[in-house]
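Heads up: the structure comes next, in structure tokens.
There are 2 protein chains.
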Amino acid sequence: MADQQFVKEIADMTKDFPQWYTDVVLKTELVDYGPVKGTMVIRPYGYEIWENIQKEMDARFKATGHKNAYFPLFIPYSFLTKEAEHVEGFAPEVAVVTHAGGEKLEEPLVVRPTSETIIINMYSKWVQSYRDLPLLINQWCNVVRWEKTTRPFLRTSEFLWQEGHTLHRTEEDAQEEALKMLGVYVEFMKNVLAIDVLSGTKTPKERFAGAVDTYSMEAMMLDGKALQSGTSHYLGQNFSSSFEVKFLDSDGQLKNPYQTSWGTSTRLIGAMIMAHGDQRGLRLPPKVAPIQVVIIPIAAHKGGVMEKATEIKDALTKAGIRTFIDDSEQSTGWKFNQWEMKGVPVRLEIGPRDIENGQAMLARRDTHEKFAMPIAELETAIPALLDNITETMFKQSSEHLYANIVRCSNMDEFKAAVDNGKFVETMWCGDEECENKIKELTAASSRVMPFDQTPCGDKCVYCGRKGIKRIYFAKAY
Amino acid sequence: MADQQFVKEIADMTKDFPQWYTDVVLKTELVDYGPVKGTMVIRPYGYEIWENIQKEMDARFKATGHKNAYFPLFIPYSFLTKEAEHVEGFAPEVAVVTHAGGEKLEEPLVVRPTSETIIINMYSKWVQSYRDLPLLINQWCNVVRWEKTTRPFLRTSEFLWQEGHTLHRTEEDAQEEALKMLGVYVEFMKNVLAIDVLSGTKTPKERFAGAVDTYSMEAMMLDGKALQSGTSHYLGQNFSSSFEVKFLDSDGQLKNPYQTSWGTSTRLIGAMIMAHGDQRGLRLPPKVAPIQVVIIPIAAHKGGVMEKATEIKDALTKAGIRTFIDDSEQSTGWKFNQWEMKGVPVRLEIGPRDIENGQAMLARRDTHEKFAMPIAELETAIPALLDNITETMFKQSSEHLYANIVRCSNMDEFKAAVDNGKFVETMWCGDEECENKIKELTAASSRVMPFDQTPCGDKCVYCGRKGIKRIYFAKAY
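Chains A and B supply the protein sequences, listed in that same order. So that you can map any letter, position 465 of the first sequence is 719 in our numbering, and since no number is skipped, the others follow by simple counting. So that you can map any letter, position 464 of the second sequence is 718 in our numbering, and since no number is skipped, the others follow by simple counting.
Structural data, given as structure tokens:
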């Protein structure tokens, strides 16, 4: 019955996944469309998820020695042009301020699409000696990239993100940092968002504009498409030489430092929705769920029910669990559907008979299991239950990922796999021409070359020449 | 000696307060100038203060029932013009995006100077019934106001802030909210930033553009000038009628809801510096200090010193105290000066003789007192010491404020007081003409009309007509 009801409201995910996504993000009040095309409003229920993501992520950045700072939104247009590849990549999608304070500006200002240029410009003032390195800074902010086709969380003209920008004395130090932060992201995906990812190196074609190497993690959505969920770039000396940043090394030589940058964004919320959702709506990983346990009083008007519900709420809140009592006048059935749609990990029902029995009924959003639990055990058992839900959801994500990777050794297999919504694992000759042709033929783009480069074949899947790179391809958001 | 050294580096605050401020904010690495005129970079030491302010403030907003959300940076120009006073106030200082994605935009976009218009536009979609009210939302974000004269933290083209925007069923509810949030700000100033303020109502001339009433808190800086440190506005139905927001009330009538907005910004960091600093540099209130206790090992090379210092650091960190060991190769004297300049509330010295005696030497930044404390007591005594420092600093702030308010009944007294760097408390007839003339004559502007309107005289200090408002005037930042 519940499913029937929601089939009417939320599009069938097996038939129209994009419409399912739109229905879910709007109906659960995560987001709304802003008045300017391509912009989004992150509503309180969505923003609380972002706050939880920030809290978890920020603690990881600080534990790895980074500090936060804030750099200006407006970048002089001339900065963008200093690094040749960077301007080529970003110039087409920037928003430009031409007037301010009632006057035309002498130089137009770019609304930051990313902050490499303005940050390296500041670093040039702050770094003199090898003693000033490494410089490990992160920024939480908004960025603007003018996109033609937009979708809430996945691709919007403005989005929220974090961008780490670090400077190092040697190439090795910078490479180590870039990989370490990718590792932080992958661990976060597993333990916080409960999503398994493929990580590795991007092909030169898919690199960040201005990077020497781009490392990425790619998640598989329920429709089999890939979502690039976080990237970490080794920038070498590209920006530090263009912006003339020099430090005096211990050998008395002036050198350009080596740089990294790395970022994740509100796109992670999109990843979470499309990796975990089901026909009933959201399934939120407990670590980021605004409400972890929703308490539904049954026959709330009966003596003692609301008192017991409140008592349980207070005990759970004290145990650090985000708990909410739905004491609205809606029917119990409506409440069940509503909070399932909103993805709350655990529903707790408490009625007169439960109270008599000294227990509460629990329902897991991830597995739909329902079971009774003694009220006296809730405080200690629910934190463990929430951890178990995270683990179970990660396992589901991991199984879905690996069940949908097809190893292919020719283009017929490749095309069939992509058409079936699979990721392709194959070998590639390293020629960008083949990468382009594959995309033309199949609409699949290269995702990553995994760090484990054990060959899975010997020939390039497209041209038949020697395959030198093990690589994943998929259609992507 | 220490003072002598810093006299050379930091301008004499009694002779050139603005230069003292600039020297302090730059040398302590709170901030740097951005490449675009009027912009600032908030460096890690400054940003950590902001993070602590955010944490304290955000907890207060949530405790009073508010949730955070995020609204777009870009506002259609037409929105700004819908509320007549609002556009008059903000149009001259907005930055305008005219091009994006390589094309000229059909309608120019304003980079938000404040978000009343875009938020009320969204609220019009979300509010249908009285059951949807109150709507209590806050936003943490950046805003842009193109200013001619700028100074780090106090007035910059871009700054960080929070803006609360609420909708209510009745005028009474909205007025209560506006005053409640001013109360939250005042309590925050006292218990977190240790600053006493004057609070009250702004004159119509000094109101927010579009408000019915503006409530403000005004802090006194060490040079006797006022700094408006936070405002809360009762907006009535001004925006909700312009934007046609209507809700169905329980009486079956469609009505425009009543609105408030309230904000504080990175300007609070400027307030903190100029309310508490001294010739040696910053004095940071413990609740926001990035480092609350700095440990200086004395004769660190001697056996056991670093071990004991680390042991103390671990114990204090575990007790929730932000602690840092300065084990750099600088001299002890340099370290003392450095951390005094950086405003760390407590310095803890530990050397071989202290260890023998089972004690550490503590020095308070606020009072310059030095005393020994048994090592075994540090964990429990230092949290209490930090609270005592907050209280002491608040008391100093309060004494400074009330010692520098002069009650005046004529313009000779008024002018003399202002020229002496005092706040003036007086009576005013309520005529804007008098307010303007006073500003022309003395450069002092009206700050607030206190909530306690017990008359302090009977005539308007300027025109001699009946004084109907008790009011504070001061030169202001």
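Ideal Cβ positions, reconstructed from N, Cα and C, are used throughout, including at glycine.
Per DSSP, the unbroken alpha helix (DSSP H) holding Q429 (chain B) starts and ends at 425 to 445. The three-state secondary structure of F501 (chain B), taken from DSSP, is strand.
At a C-beta separation below 9 Å, I523 (chain B) has no neighbours in chain A, since its nearest C-beta there lies roughly 12 Å away. The beta carbon of P367 (chain B) sits closer than 8 Å to those of F344, E347, V348, V397, V398, R399, all from its chain and outside the five residues before and after it, given in chain order. About 7 Å separates the CB atoms of V598 (chain B) and L538 (chain B); that is less than 8 Å, so the two are in contact. Relative to G718 (chain B), the option among B:F648, B:R576, B:H555, B:I692 whose CA is nearest is B:I692.
Y656 (chain B) is classed as exposed because its beta carbon has fewer than 16 other beta carbons within 10 Å across all chains shown.
When A:E425, A:P458, A:A317, A:K434 are compared, the shortest CA-CA separation from G684 (chain A) is found for A:P458. In terms of Cα proximity to G490 (chain A), the closest of A:E687, A:C710, A:P406, A:T468 is A:T468. W588 (chain B) has a beta carbon lying at 7 Å or more from every beta carbon in chain A. For R297 (chain A), a Cβ of chain B is located within less than 7 Å of the residue's own Cβ. Counting the other Cβ atoms within 10 Å of the Cβ of Q482 (chain B) gives 16 or more, which makes it buried.
Assignment of beta-bridge partners to N396 (chain B) by DSSP yields B:L414. V438 (chain B) and E431 (chain B) have their alpha carbons spaced roughly 10 Å apart. In this structure the segment 308 to 322 of chain B does not touch the segment 334 to 342 of chain A; the number of beta carbon pairs closer than 8 Å is below three. Taking every protein chain shown into account, the CB of R385 (chain A) has fewer than 16 other CB atoms within 10 angstroms, so this residue is exposed. Considered as a whole, the segment 670 to 713 of chain A harbours 686 to 696 as its complete alpha helix (DSSP H) runs of no fewer than 4 residues, in chain order.
Each residue's CA atom was taken as its position, placing I722 (chain B) and E686 (chain B) some 13 Å apart. With the rule of 3 Cβ pairs closer than 8 Å, the segment 292 to 310 of chain A does not count as touching the segment 289 to 300 of chain B. Uninterrupted alpha helix (DSSP H) stretches at least 4 residues long and entirely within the segment 261 to 295 of chain A occur at 271 to 281, given in chain order. Bounds of the alpha helix (DSSP H) holding F344 (chain B) are 338 to 344. Residue environment analysis places K649 (chain B) among the exposed positions, since fewer than 16 neighbouring C-beta atoms fall within 10 angstroms of its C-beta. Chain B places a beta carbon closer than 7 Å to that of W400 (chain A), counting this residue as a contact. One alpha carbon belongs to Q273 (chain A), the other to W593 (chain A), and they sit about 21 Å apart. For M376 (chain B), the neighbours in chain A by C-beta distance under 7 Å run, in chain order, D286, V295.
Under DSSP, no beta-bridge partner is assigned to N492 (chain B). Between the segment 404 to 416 of chain B and the segment 516 to 534 of chain B there are three or more inter-stretch CB-CB distances shorter than 8 Å, so the stretches are counted as touching. Under the Cβ distance rule, P289 (chain A) counts among the residues neighbouring chain B, one pair being separated by less than 7 Å. One alpha carbon belongs to M615 (chain A), the other to I296 (chain B), and they sit about 50 Å apart.
Legend: CB atoms of the segment 302 to 325 of chain B lying less than 8 Å from CB atoms of chain A belong to residues E302, W304, E305, K321, N322, A323, Y324, F325. Using beta-carbon distances, N396 (chain B) counts as an interface residue toward chain A, with a partner under 7 Å. Within the segment 618 to 631 of chain A, not one residue has a Cβ closer than 8 Å to any Cβ of chain B. Taken atom to atom, the span from the alpha-carbon of L640 (chain A) to that of A630 (chain A) is near 17 Å. The Cβ neighbour count for S582 (chain A), taken over all protein chains shown within 10 Å, is under 16; the residue is labelled exposed. For G292 (chain B), not one C-beta of chain A is nearer than 7 Å to its own C-beta. For the segment 328 to 357 of chain B, the set of positions with a beta-carbon nearer than 9 Å to some beta-carbon of chain A reads F328, I329, P330, F333, A345, P346, E347, V348, A349, V350, V351, T352, H353, A354, G355, G356, E357 in chain order.
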